[in-house]
């Protein structure tokens, strides 16, 4: 049994949890749930359950695998598939991040946050500021968790709370009936499209070490 001396203080756990939350929270987590809810209609709870299976349980299992093996994605893939295929498997999510996720997140930042308020701001300027801020946060590894957990996480959580309250207080419409027959699978697919489960394997080694 783990002794109390080996347990992290609650403040550190909250900080790390906030850093992990803000690392995972991307444009997909903002866009896909409303689309999923609109399509599911009165079956929204089933859709939310499918979303949770991948985006909560799946992410937790990915971190658990990293923690249990005390290895990063590269280590787990190499141990399972061998050195050659382990490197290929590791390269795939990294390439997906570079060529798909980063362009999606950065362009969505311009389209959803900047363009409606400041239509004269060009895309290149938004991208330059976005990646400069990202570089500032990630450049010094020792301070990444502090920056994410103490600054970004509270802002994101406040933003989510405001959205939820706004949605409950002034809903755009009533849920359609009958609901979607594929609500569970739609929820799982939308959650998979956020790439959080794959990201958890990439983040696992960083969080542990």
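Numbering (the numbering used here), first residue to last: 1 to 209. Beta carbons: idealized from backbone N, C-alpha and C, even for Gly.
Cα-Cα separation, residue i to residue j
i	j	result
residue 80	residue 46	34 Å
residue 195	residue 177	30 Å
residue 24	residue 199	7 Å
residue 99	residue 204	21 Å
residue 197	residue 27	15 Å
residue 147	residue 155	12 Å
residue 159	residue 112	14 Å
residue 121	residue 128	12 Å
residue 141	residue 135	11 Å
residue 35	residue 29	11 Å
residue 12	residue 133	24 Å
residue 8	residue 114	39 Å
residue 125	residue 78	40 Å
residue 37	residue 167	12 Å
Same chain only: Cβ atoms within 7 Å of residue i, ignoring 5 sequence neighbours per side
i	result
residue 145	15, 16 and 19
residue 192	54
residue 265	Absent from the structure is residue 265, since the part of the chain shown begins at 1 and ends at 209.
Contacts around residue i, its chain only, beta-carbon distance under 6 Å, and the 5 residues preceding and following it disregarded
i	result
residue 183	40, 43, 46 and 47
residue 1	For residue 1, the predicted structure reports a pLDDT of 47, less than 50, and the residue's modelled location is therefore unreliable. The matter cannot be settled from this model.
Cβ separation of residue i and residue j, assumed to be a contact under 8 Å, to the nearest whole Å
i	j	result
residue 53	residue 188	6 Å
residue 21	residue 153	6 Å
residue 229	residue 185	Because the chain in this structure spans residues 1 to 209, residue 229 falls outside the shown range and cannot be described.
Same chain only: Cβ atoms within 8 Å of residue i, ignoring 5 sequence neighbours per side
i	result
residue 70	208
residue 149	14, 15, 16, 17, 18, 19 and 22
residue 131	106
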